[in-house]
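Visitor: Have a look at this one before I ask anything.
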Amino acid sequence: GNSVTQMEGPVTLSEEAFLTINCTYTATGYPSLFWYVQYPGEGLQLLLKATKADDKGSNKGFEATYRKETTSFHLEKGSVQVSDSAVYFCALTRAGGTSYGKLTFGQGTILTVHP
Amino acid sequence: EAGVTQFPSHSVIEKGQTVTLRCDPISGHDNLYWYRRVMGKEIKFLLHFVKESKQDESGMPNNRFLAERTGGTYSTLKVQPAELEDSGVYFCASSRRVDTQYFGPGTRLTVL
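These protein sequence lines are chains A and B, in that order. Numbering follows the numbering used here, in which position 63 of the first sequence is assigned residue number 63; successive positions increment by one, without gaps. Numbering follows the numbering used here, in which position 110 of the second sequence is assigned residue number 110; successive positions increment by one, without gaps.
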């Protein structure tokens, strides 16, 4: 079956540091890949997505590249801010079939950014 | 445009009682999903509606859980009778396209 593995947290960084949160996946076919973010007290928000190999998703300074050869979708940001403190979830969905739309999530990574 | 809303935001019940969670999707979204996160583990899929029909209910844990979506608008998720292991956060999401889901804030369910 499909699965997503994220680097374990929590991750604690100083403001303006470089961020990488690793995400690898196991899936049949060609899944779509997502990063969701949950800020304190709020629901999940789609941060970025990529739907085919070598696509790069980007938003709010965050980037992730769909690497089929390494089955990875690592999240990066060059300079984090205190406001980026949140829980980050990597997820995938199959490209088709009856379970298309069913998101499979990683366990989430808590990020804390200090001033 | 209003986002996905869920009610209640928090529910505390005793084991054996019944609880009904409600989700109002974004207007015009035919796809509606339920997920839950139990005890800090990963978020797990429960089921997927397309309009009023259940497209995929492979994630429903057992027959104590009943989901409905009357008229293809809002959805309810009933847990009857609730057990301790049902505690967690229940998320609802909706989408027009299946690859871009918008999540609600979740309902935190505590079963004592």
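Where is the CB? At the ideal position from N, CA and C, for every residue including glycine. Since the model is a prediction, treat every value here as computed from it, not as a measurement.
1. Does threonine 18(B) pass the burial test, meaning 16 or more other C-beta atoms within 10 Å, or should it be called exposed?
2. Just to confirm the assignment, what range does the beta strand (DSSP E) spanning arginine 97(B) have?
3. Going straight from the alpha carbon of phenylalanine 89(A) to that of serine 9(B), what length do you get?
4. Quick check: what's the CA-CA separation for threonine 65(A) versus serine 72(A)?
5. Using C-beta distances below 6 angstroms, list every residue in its chain close to glutamate 76(A), excluding the 5 sequence neighbours before and after it, in chain order.
6. Contact criterion: CB-CB distance below 8 angstroms. Does serine 32(A) meet it with respect to chain B?
7. Determine the DSSP secondary structure at aspartate 84(A), reduced to helix, strand or coil.
8. For leucine 112(B), does the three-state DSSP call read helix, strand or coil?
9. Tell me whether valine 79(B) is buried or exposed, calling it buried when 16 or more other Cβ atoms sit within 10 Å of its Cβ.
10. Can glutamate 16(A) and valine 80(A) be called in contact, C-beta distance under 8 angstroms?
11. Looking at chain A, is there any beta carbon in it that lies within less than 8 angstroms of the beta carbon of glutamine 101(B)?
12. Alpha carbon to alpha carbon, what distance is there between glycine 16(B) and lysine 44(B)?
13. Could you tell me if proline 125(A) is buried or exposed, where buried requires 16 or more neighbouring beta carbons within 10 angstroms of its beta carbon?
14. Which residues mark the beginning and the end of the beta strand (DSSP E) in which serine 3(A) is found?
15. Looking only at its own chain, which residues have a Cβ that is under 6 angstroms from the Cβ of serine 3(A), when we skip the five neighbours before and after it?
16. Which residues in chain B sit within 7 angstroms of glutamate 42(A), going by Cβ to Cβ distance?
17. Where DSSP assigns a beta bridge to aspartate 24(B), which residues make up the other side?
Guide: Let me spell this out:
1. With fewer than 16 other beta carbons inside 10 angstroms of its own, threonine 18(B) counts as exposed.
2. Taken as a continuous stretch (DSSP letters only), arginine 97(B) belongs to no beta strand (DSSP E), as it is neither H nor E.
3. So the alpha carbons of these two residues sit roughly 21 angstroms apart.
4. For threonine 65(A) and serine 72(A), the distance between alpha carbons rounds to 8 angstroms.
5. Cβ neighbours of glutamate 76(A) beyond the five flanking positions: Thr20, Glu63.
6. With 8 angstroms as the cut-off, serine 32(A) counts as an interface residue toward chain B.
7. Helix.
8. Coil at leucine 112(B), not helix or strand.
9. Valine 79(B) comes out buried.
10. Pairing glutamate 16(A) with valine 80(A) gives a Cβ-Cβ distance under 8 angstroms.
11. For glutamine 101(B), the answer is yes, since a Cβ of chain A falls inside 8 angstroms of its Cβ.
12. The straight-line gap separating the alpha-carbon atoms of lysine 44(B) and glycine 16(B) is approximately 23 angstroms.
13. Residue coverage of chain A in this structure runs from 1 to 115, which leaves residue 125(A) outside it and unanswerable.
14. For serine 3(A), the uninterrupted beta strand (DSSP E) segment begins and ends at 3-6.
15. Exclusion of the five residues before and after serine 3(A) leaves Thr26 as the residues of its chain whose Cβ lies within less than 6 angstroms of its Cβ.
16. Simply Pro105.
17. For aspartate 24(B), which the question treats as bridged, DSSP gives the partners Thr5(B).
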